[in-house]
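Heads up: the sequence shown begins at 299 in UniProt numbering, then just goes up one per residue.
Every residue gets a Cβ at the ideal spot worked out from N, C-alpha and C, and that includes glycine.
Since we're looking at a predicted model, the values are computed, not measured.
Structure first, then comments.
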Amino acid sequence: LTQLYAPLHFLGFVYREIKHSLADMERMFGLLDAGAEVDDAPAAIPLATREASVRFEHVDFGYDANRKILHDVSFEIPAGHTVAVVGASGAGKSTLARLLFRFYDVTAGTIRINGTDIRALTQDSLRRHIGIVPQDTVLFNDSIYYNIAYGAPDASRDAVIDAARSAHIHAFVSSLPDGYDTAVGERGLKLSGGEKQRVAIARTILKNPPILIFDEATSALDSHTEKAIQRELAEISANRTTLIIAHRLSTVVHAHEILVMEGGRIIERGTHAALLSRNGRYAQMWALQQEGDSAVTQASEQV
Ligand code: ATP
Numbered sequence: 299l300t301q302l303y304a305p306l307h308f309l310g311f312v313y314r315e316i317k318h319s320l321a322d323m324e325r326m327f328g329l330l331d332a333g334a335e336v337d338d339a340p341a342a343i344p345l346a347t348r349e350a351s352v353r354f355e356h357v358d359f360g361y362d363a364n365r366k367i368l369h370d371v372s373f374e375i376p377a378g379h380t381v382a383v384v385g386a387s388g389a390g391k392s393t394l395a396r397l398l399f400r401f402y403d404v405t406a407g408t409i410r411i412n413g414t415d416i417r418a419l420t421q422d423s424l425r426r427h428i429g430i431v432p433q434d435t436v437l438f439n440d441s442i443y444y445n446i447a448y449g450a451p452d453a454s455r456d457a458v459i460d461a462a463r464s465a466h467i468h469a470f471v472s473s474l475p476d477g478y479d480t481a482v483g484e485r486g487l488k489l490s491g492g493e494k495q496r497v498a499i500a501r502t503i504l505k506n507p508p509i510l511i512f513d514e515a516t517s518a519l520d521s522h523t524e525k526a527i528q529r530e531l532a533e534i535s536a537n538r539t540t541l542i543i544a545h546r547l548s549t550v551v552h553a554h555e556i557l558v559m560e561g562g563r564i565i566e567r568g569t570h571a572a573l574l575s576r577n578g579r580y581a582q583m584w585a586l587q588q589e590g591d592s593a594v595t596q597a598s599e600q601v
């Protein structure tokens, strides 16, 4: 019996570990709520590109059949460009990111990468091409080294440290008594919101994806950290096709195009300057934000 029990016990342990890490991954992305399954098409092809243009064409979507969330959403992010989405909480901003990552399939319309419908691509290859910097990064109860290298297990120690340098977290990590071996997470050192987002940025630099989704933290960071994170975002998004889900207008000023969403529809679009001169919803949000340092989501809710 003991002979039988040992492997079963081990299997149970592995199963729990797998379940645990899957749950952590889901939380890590911070985008997956329900996690509906989508399947690879029988003839799905792998995506293999360093330059990706993303196009949403007349996309409709609802999590439930009887409640439409997105209505006829069309926009394009040419390769290497940055598009930012702003709008009140619940407007559908994160839903765009979930659809691009293909957690769900569109109800109508098409999402294309370099002209190919993403439903014709293998999910694995699609997701390898997309890096997500979520608003709240989940740290594993492990070393800070493991937390940065997570997702790029083949990376060399030099590459991990280079990524940490580029994410401007190397000096902080080096200052800790145990350096990269410092235990973090719930049972270790607690990192601040800005430090956690830098860990996520370092992970993304290691993954080196052509497409980047940046889900800006809603919770206020101190203005020094916020400016630093924005600078780091500008560095990693240069030459990458970037979708920013923004909560602060200061983050979107330099985007090639800004989409203003309301009730699942794009109600205004353009550059910061063009939207200001249009004197519509974006201009109102901007004026409100100038008055206080409030987040865009709060500002747009007051409009
Ligand atoms: P926030 O700024 O608060 O993150 P958002 O603009 O990103 O908001 P979404 O998360 O895209 O908004 O949500 C759009 C709508 O879809 C909301 O009404 C929300 O309640 C609904 N929704 C989001 N996720 C699900 C889900 N898994 N199942 C059902 N409805 C959902």
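task: Indicate, with yes or no, if ligand 1 has a heavy atom lying under 7 Å from the CB of Asp434.
output: no
Does ligand 1 have a heavy atom nearer than 7 Å to the CB of Ser392? yes
Flag Ile511 as yes if its beta-carbon sits less than 8 Å from any beta-carbon of chain D, otherwise no.
Here chain D cannot be found, since the structure has a single protein chain.
Check: Any heavy atom of ligand 1 closer than 7 Å to the Cβ of Tyr580?
Finding: no
query = Within 7 Å: the Cβ of Gly388 and any heavy atom of ligand 1?
reply = yes
Subject >> His552 in three-state terms, based on DSSP >> reply: In the structure shown, the three-state DSSP call for His552 is coil.
Could you check whether Ile446 and Ala461 sit closer than 8 Å to each other, using their CB atoms as the reference points? yes
(message) One question on the structure: do Thr523 and Leu510 come within less than 8 Å of each other, judged by their Cβ atoms?
(response) no
Self-check item: Complete alpha helix (DSSP H) runs within the region 528–584 (minimum length 4 residues, chain order)
Solution: 547–550, 570–576
(Q) For Arg546, tell me which candidate among Gly561, Ile428, Asp520 has the shortest Cα-Cα distance. (A) Asp520
- prompt: Where Val551 and Pro340 are concerned, what is the direct C-alpha to C-alpha distance, given to the nearest angstrom?
  reply: 43 Å
Just how far apart, CA to CA, sit Pro344 and Asp415?
12 Å
Sort Ala386, Phe359, Leu394 by Cα distance to Ile375 and report the nearest one.
Leu394
In chain order, what are the residue ranges of uninterrupted beta strand (DSSP E) at least 3 long that sit wholly in the region 461–530?
509–513
Are Gly390 and Ile367 closer than 8 Å when you measure CB to CB? yes
- prompt: Roughly how far, in whole angstroms, is the beta-carbon of Ala450 from the beta-carbon of Leu504, given that I think they are within contact range, below 8 Å?
  reply: 4 Å
Please list the terminal residues of the continuous alpha helix (DSSP H) segment that includes Arg425. 421–426
Which listed residue (Ala406, Asp434, Leu398) has its alpha carbon closest to that of Arg426
Leu398
query = I think His466 touches Arg485, with their Cβ atoms under 8 Å apart; what is that distance to the nearest whole Å?
reply = The Cβ separation is near 26 Å, so there is no contact.
With a threshold of 16 other CB atoms inside 10 Å of the CB of Val336, please say whether the residue is buried or exposed. exposed
TODO: Examine ligand 1 and report whether any of its heavy atoms sits within less than 7 Å of the Cβ of Asp362.
DONE: Indeed, a heavy atom of ligand 1 lies less than 7 Å from the Cβ.
* Verify the contact flag: Ile511, CB atom, against every heavy atom of ligand 1, threshold strictly below 7 Å. => no
Check your understanding: If you drop the 5 nearest sequence neighbours on each side, which residues of the same chain put their C-beta closer than 6 Å to that of Gly562?
Key -> Ile367, Leu368, His369, Gly390
Any chance the CB of Gly385 is under 7 Å from a heavy atom of ligand 1? Indeed, a heavy atom of ligand 1 lies less than 7 Å from the Cβ.
*In chain order, what residues of the same chain have a beta carbon less than 7 Å from the beta carbon of Lys531, not counting five sequence neighbours either side?*
At residue 531 the sequence reads Leu, which differs from the Lys that was named. Shown here for Leu531: same chain residues with a beta carbon closer than 7 Å to its own, the five before and five after excluded, namely Phe512 in chain order.
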